[in-house]
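Using this note's numbering, the first residue of the sequence shown is number 4, and each one after it goes up by one. Yeah, the Cβ is synthetic: ideal placement off N, Cα and C, and Gly gets one too. Note that this is a predicted model, so its numbers are computed, not measured.
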Amino acid sequence: MTQLNETRGTANFLVSEANGMYRSRDVGTVAAGSSPGLLAGTILGKLTSGGNFVAYDPAAETGAEDIAGILFEAAVGTVKKTIVVRDCEVNGAHLIYQSGANDAAKATANAALQALGIIVR
Numbered sequence: 004m005t006q007l008n009e010t011r012g013t014a015n016f017l018v019s020e021a022n023g024m025y026r027s028r029d030v031g032t033v034a035a036g037s038s039p040g041l042l043a044g045t046i047l048g049k050l051t052s053g054g055n056f057v058a059y060d061p062a063a064e065t066g067a068e069d070i071a072g073i074l075f076e077a078a079v080g081t082v083k084k085t086i087v088v089r090d091c092e093v094n095g096a097h098l099i100y101q102s103g104a105n106d107a108a109k110a111t112a113n114a115a116l117q118a119l120g121i122i123v124r
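In structure tokens, the structure reads:
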């Protein structure tokens, strides 16, 4: 029998959002790189030069070190995508933190998300 491996689906990390027409979301340009790119639930920073969203990197000095939101759906290349930026609850087990993140790094990222109004459960 063939085994299927599914990737995380669009917004699978989202528990609840603010009432109203997409108040929790914005659209922005995501620089996700080549395949496989970035998956839904990836924590994002925003570059100070150009304003593109990229994977959060606390060691960077480009703007990527400051959390700006969470990717709503997978992205490959440089494309416009929906980003969750405020007023919502998310499942922390479904978030994609920076590579090698330990519990302390995750706690720091979760605190930065909370400052945006994104509560990690």
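Scanning its chain for C-beta atoms nearer than 6 Å, with the 5 sequence neighbours on each side dropped, one finds around L119 the residues R89, in chain order.
In terms of Cα proximity to R28, the closest of A34, S19, S52, G36 is S19. In the DSSP assignment, T111 falls outside any beta strand (DSSP E) and lies within the alpha helix (DSSP H) extending over 106-118.
Collapsing the DSSP output to three states places A96 in a helix.
In the DSSP assignment, L17 falls within the beta strand (DSSP E) that extends over 17-20. Counted as a single uninterrupted DSSP element, the stretch harbouring F75 is not any beta strand (DSSP E), since DSSP gives it neither H nor E. Rounded to the nearest whole angstrom, the CA to CA distance from A14 to N113 is 17 Å. Short of 7 Å from the beta carbon of V57, and not among the five residues preceding or following it, lie these beta carbons of its own chain, in chain order: A34, L47, G48, L50, A67. Excluding residues up to 5 positions away in sequence, nothing lies with its Cβ nearer than 8 Å to the Cβ of M4 in the same chain.
For V30 and E76, the gap between their C-alpha atoms comes out near 11 Å.
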